[in-house]
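A.B. asks:
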Amino acid sequence: MRIHHLSLEAIGPFVGHHEVDLDQLSAGGLFLLEGPTGSGKSTLIDAITFALYGTLGSPARDDRLPSAHAAGAEPVIEVVFSTGAGIYRVRRTPAFQRPKRRGEGTTRQNATARLWRLESVSDPSGEPLAATTQEVGTEVRRIVRLDRSQFSQTVVLPQGRFSTFLRAKPDERAAVLQDVFGTEVYQRVQDQLVAMAREARKELEAARREVTGCVGNLGSLLPDDDASVTVLEQAAAELDSPAMEEAASAVVARAESEHAAAETRREEARAAERAAQRVLDAERDLAQRVRRRRELLAEQEQLAARADAVTALGEELAAARRAAVAAGALRAEAAARAAVEHAEEQLARVCAASADGPDADLTDLGLGALRELVTALTGERGGLVELLTLEAGLAGREAAVEADGTALAARRTALEGRRAVLASRPGQRERLSQALSRIQREAMSVPAAEARVTACRAVRDAARDVAQRLAQLVAAEAAATAATSRATAATQEEQTVRSRWIAGMAGSLAAELEPGTPCTVCGATEHPAPAPRSPEHATAEDVDAAAARRARAEDAVGAARETRAQAEARLRAAQEASGGTALADAEESLTAAEQELKDARDAVRLAALHEQELAVFDEETDTLRGAVSGEENALAAATEELRGRRAALASDRERCSRGAAEAGTVAARVQRIESRLSTARRVVEARDAHHAARRRQDESAAALAAALTESGFADAAQATAAQLPATRMAELEREVAEHGGATARVRECLAEAPIASLTGEEVPRVEETQALQAERQTALISATELAGRAADSLARLRRCHRSLSEVLARHHVVTERAAPVLRMGELAAAGEGNARATTLSTFVLLRRFEDVVAAANDRLAVMSDGRYSLTRIDEREGRSRKAGLGLAVHDHVTETTRDPHTLSGGETFYVSLCLALGLADVVTSEAGGISLDTLFIDEGFGSLDPHTLDGVLGELSRLQAGGRAVGIVSHVSELKERIADRIEVRRLPSGASTLTVRA
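Now the structure itself:
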């Protein structure tokens, strides 16, 4: 992987737009990134890391990326990089606070990201690959094949984490190597084999449980003292399939024999029970026939005793049926006679009612004359119906005409009032228009008032900010002073500890002497007077700890000074913005401006109200004008319509007078006609009814005579006496029919073969045969239960036998299938049978890691003057497996092996550097690995002495031959003289920083 180009804007202390062409800068293979402490050198490394991965590892560090010196400006980072997969450009903007688009204050702008594939490093456009932070992160991780933590251990080695890969645990180091060399496929194979072995063990255990369960089920069906149970359990414990099959087959065979014997006994009991049941059924049938014959003979005697009475009832029923034939004629003749009498009475009443009235002459007229009179009166009344209705509505119409005339007069008066109001409205509108013009002139000053408020508020805010910035500056100066004091104390403490360490070196070497072992200083094997260890002796670890505390204190001084410079810049900016105005004066000016703005806005609202009022006034005027015009037209039409109604009323009154004639009114004349017409109709109806009744009486008398002759009666009295009610006739019919039916039924039943064959001397033996059948049935039930239990036991034993055979077959298949899987799983997971006790994924990485250590030792021999070399050791990866990826440092001076944690700061730096460069060499030479062509080293050179520094720089310069580039981040002045290509970072008076590329 190579970084080609970096551009950034509004990132950390860098306010403006800056671009770095790393291809040009690294043409010599080695370049320097230098500047004062806290000026922003590490920010460039952080920018590259953030551009690729979208985070620096913590939200706090991410939030510090946007520049505090360019508030509101969009922070942007662009990086062009290449891998074996191609050339890419990634652009990211961290989350930052931007000004709100509406109103005051700021709002959070979320982070963005985009990724392009480029044809060349200078390609300005490219092919878009991703446009969201999540998509870009996924694509970059796929392209680079390193996560952020691994990137920081192999490509970018930042402050405080330079030795992470050197001091990493074996499993952590394995994760880095796996991703770098692309050997994750072996880890996946290992995981798959382990998972398959785990599943195979589960299948074996499940099959064993199935065998045990089937044997237990089979044993539960047998008696506790059965010897077969012990045989099955022993065979199951030993998983002896043939023994289990043999024992189970014997158990089933024995059950089959027992079941056959029980079935034979059941069939014998069933035959005996059926014979007893047949005898019982025959005796029960005989008893039933004897009882039936006795009942039929008794019923026959009862029917013979009632025969005479039933014959008399039949004769009475026959006479009633003949009388029923003439009953209709008798009723019709009586009804006709009564109708004649009623018609005569009704005619007499009608004539008597008309004898003393004005219509007495109607009783003397004949039926034809009366009919003609009814027709004439009906026609006369029909001709007066219209006049009758017209006469009834005359009074209401006259009242309505008078009321409408009064209403028209009132409407004319109201119309005159509206005309007067309409005439006064032009003057009112003129007064409203003048008031609106005056208010609109006052409302025109709102923009100026708003601008004045904005300016006064900005001055007031700046005046407030001056006080806050001044307090921040005082706090920053106090913090810088305190940090300087702590740094001075830490430097003095480091010098003291180092002096104690140097003074006690003789005692430390003497403490390591052993009799017969050569001294590492003089080579003697005898040690007559070893130097004692001083009580104030300090170890190398104490020196490293003091140096680390001194470095942290110096970093804190730089950060505090940078904070103080930023506070000074912010205070100057606030003072310039306030223009030297005091806070009280700014507050007073703002209050006055806000009051002016309020008055102007009130005038705007009042003008809007007056405009609305004027519009409503004009609308009301138009409405009133239209109403007056419409009312005038309506009054003219209503007056004309009232005149026509009065003329029609006079004409209708004259028609009614002519129609009334001598009666005075039409209603009186119609009433007289209806009275005479009603009387005439009653006389006609009474005479018609009398004539009809006479005719029906004659017809019914003739019909009665014919009916009596037909039914055989001498006269009507005899027929009437023979009549019976319908209920009585129904009773007689039922009694006669029931007697006849019962007699026939008894005769037929006695003639049936089962009854006719009896002599009356038979004696049934039901109780004896019933007791015998119950005894045989009990024996059958017992035999059936025994056979059922035997069949159920046999069926369950057979099922258990089949299940056991199937389970044994499955266990055999599972065992054969699982054997190679278990073997491979144990080998891959460093289990039983793995002689090296190393997992598959670790075994694959051992050779490559040895190559990395060998490549690192080539450079370490030069940088350490041959004193140190790295050695791969086997360290435990878990409870029983060995990783083989441990590291130790061999000291060739003392011929001892040391843990990397015991190295001093300078030693840790160049050993870690050799390991990182060795990793890059091996990865680059691997066909499937990641090419690490760019390496950034952030600080660490200040801990090297001049001789070691020469060796380190010489090794780094040799990287140019392999086409790689190394960027060194340092403020050590000696490096400026040795490295010409550089990025110079300088702090500006405002507290911000700028950079210059010198290549």
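Per our numbering, the sequence shown starts with residue 2, numbered consecutively. C-beta atoms are modelled at their ideal positions from N, C-alpha and C, and glycine is treated no differently. Only a predicted model underlies this, so the values are computations on that prediction, with no experimental measurement involved.
1) Output yes or no for whether 8 Å exceeds the beta carbon distance between Val815 and Leu178.
2) Whose C-beta lies closer than 6 Å to the C-beta of Thr770 among residues of the same chain, with five residues either side of it excluded?
3) When the distance is taken between beta carbons, is Leu34 closer than 8 Å to Ile874?
4) Is Ala11 helix, strand or coil by DSSP?
5) If you follow the beta strand (DSSP E) that Ile969 is part of, which residue opens it and which one closes it?
6) Pop quiz: Leu888 and Leu861 are said to be a contact at Cβ under 8 Å. What is the actual Cβ separation, rounded to whole angstroms?
7) For the segment 839-881, list the alpha helix (DSSP H) runs that are entirely contained and at least 4 residues long, ordered along the chain.
8) Looking at the unbroken beta strand (DSSP E) that takes in Val998, where does it start and where does it end?
9) Let me know the secondary structure DSSP gives Arg293 once reduced to three states.
10) Assess, as a yes-or-no matter, whether the segment 702-709 is touched by the segment 369-379 under the definition of 3 or more beta carbon pairs within less than 8 Å.
11) Is the beta carbon of Ala784 less than 8 Å from the beta carbon of Arg292?
12) Report the rounded CA-to-CA distance for Leu371 versus Ile674, giving the unit in angstroms.
13) Comparing alpha-carbon positions, which option in Asp543, Ala568, Ser434 and Ala452 lies nearest Gln469?
14) To the nearest angstrom, how far is it from the Cα of Ala450 to the Cα of Glu620?
15) Looking at chain D, is there any beta carbon in it that lies within less than 8 Å of the beta carbon of Thr872?
16) From the DSSP output, in three-state form, read off Glu120 for me.
17) If you reduce the DSSP assignment to three classes, tell me which class Arg99 lands in.
18) Can we say the segment 583-590 touches the segment 493-504, given the rule of at least three CB pairs closer than 8 Å?
19) Enumerated in chain order, which unbroken segments of the alpha helix (DSSP H) with a length of 4 residues or greater are wholly contained in the segment 697-774?
20) Taking the DSSP output, what are the residues bridged to Asp22?
21) Quick one: grab the DSSP three-state call for Arg162.
22) How would you write the range of the alpha helix (DSSP H) that Arg562 sits in, first residue to last?
23) To the nearest angstrom, how far is the alpha carbon of Leu787 from that of Val230?
24) Leu684: which of Leu297, Ala344 and Arg979 sits nearest, CA to CA?
25) On the DSSP letters alone, give me the boundaries of the beta strand (DSSP E) that Arg109 sits inside.
26) Could you give the DSSP three-state label for Arg65: helix, strand or coil?
27) Rounded to whole angstroms, what's the CA-CA distance from Ala310 to Arg323? Just pull it up for me.
28) So what's Ile88 in DSSP terms, helix, strand or just coil?
29) By a C-beta neighbour count over all protein chains shown, 10 Å radius and 16 as the cutoff for buried, is Ala547 buried or exposed?
30) Look at the Cβ atom of Ala114, then the Cβ atom of Thr133, and state whether they are nearer than 8 Å.
31) Under three-state DSSP, which class holds Ala889?
32) How many Å lie between Gln93 and Val186 at the Cα?
33) Do Ser83 and Arg143 have their CB atoms nearer than 8 Å?
34) Between the Cα of Ala1 and the Cα atoms of Ala321, Leu798, Val145 and Arg382, which residue gives the shortest distance?
35) What does the alpha-carbon distance come out to for the pair Thr50 and Leu57?
36) Say whether the segment 890-904 touches the segment 117-128, bearing in mind that this needs 3 or more beta-carbon pairs closer than 8 Å, one atom from each stretch.
C.D. replies: A quick look at the data gives this:
1) At least 8 Å separates the beta-carbon of Val815 from that of Leu178.
2) Its chain contains Val280, Leu281 and Glu284 as the residues whose beta carbon lies nearer than 6 Å to that of Thr770, once the 5 sequence neighbours on both sides are disregarded; these appear in chain order.
3) Cβ distance not < 8 Å, so Ile874 and Leu34 don't count as in contact.
4) In the three-state DSSP reduction, Ala11 falls in the strand class (E or B).
5) Here the beta strand (DSSP E) through Ile969 covers Ala966 to Val970.
6) No, Leu888 and Leu861 are not in contact; Cβ-Cβ is about 12 Å, not under 8 Å.
7) Counting only runs of 4 or more, we get 841-864.
8) Looking at the DSSP string, the run of the beta strand (DSSP E) that includes Val998 is Ser994 to Arg999.
9) Looking at Arg293 - three-state DSSP - the assignment turns out to be helix.
10) The segment 702-709 and the segment 369-379 do not touch, with fewer than three beta-carbon pairs separated by less than 8 Å.
11) Taking a C-beta distance under 8 Å as the contact criterion, Ala784 and Arg292 do not qualify as a contact pair.
12) Using only the alpha carbons, I get a separation of about 15 Å.
13) Here the closest residue by C-alpha is Ala568.
14) The C-alpha of Ala450 lies about 35 Å from the C-alpha of Glu620.
15) Protein chains in the displayed structure number just one, and chain D is not present.
16) When secondary structure is reduced to three states using DSSP, Glu120 falls in the coil class, being assigned neither helix nor strand.
17) Of the three classes helix, strand and coil, the one that applies to Arg99 here is strand, per DSSP.
18) Contact fails: fewer than three Cβ-Cβ distances are below 8 Å.
19) For the segment 697-774, whole alpha helix (DSSP H) runs of length 4 or above, ordered along the chain, are 717-723, 727-752 and 754-757.
20) Answer is His6.
21) At Arg162 the pLDDT is 47, less than 50, meaning the model places this residue with poor confidence; the figure from the coordinates comes in the next sentence. In the three-state reduction of the DSSP assignment, Arg162 falls in the coil class.
22) Ala541 to Ser579 is the extent of the alpha helix (DSSP H) around Arg562.
23) In this structure, the alpha-carbon of Leu787 lies about 23 Å from that of Val230.
24) First, the residue type needs correcting, since residue 684 is Val and not Leu in the sequence shown. Residue Ala344 is the option with its Cα nearest to Val684.
25) Run containing Arg109: Thr107 to Gln110, per the beta strand (DSSP E) assignment.
26) In the structure shown, Arg65 falls within a coil segment according to DSSP collapsed to helix, strand and coil.
27) Cα to Cα, the separation comes out at about 21 Å.
28) For Ile88, the three-state secondary structure derived from DSSP is strand.
29) Residue environment: Ala547 is assigned as buried (16 or more neighbouring CB atoms within 10 Å of its CB, all protein chains considered).
30) It is a contact, given that the beta carbons lie within the stated cut-off.
31) Residue state for Ala889 is assigned as strand, using DSSP reduced to three classes.
32) According to the sequence as given, residue 93 is Arg; it is not Gln. If you draw a straight line from the Cα of Arg93 to the Cα of Val186, it comes to about 32 Å.
33) Not closer than 8 Å, so no.
34) Outside the shown range of the chain (2 to 1000) lies residue 1, about which nothing can therefore be said.
35) When rounded, the distance between both Cα atoms is 7 Å.
36) No, they do not touch.
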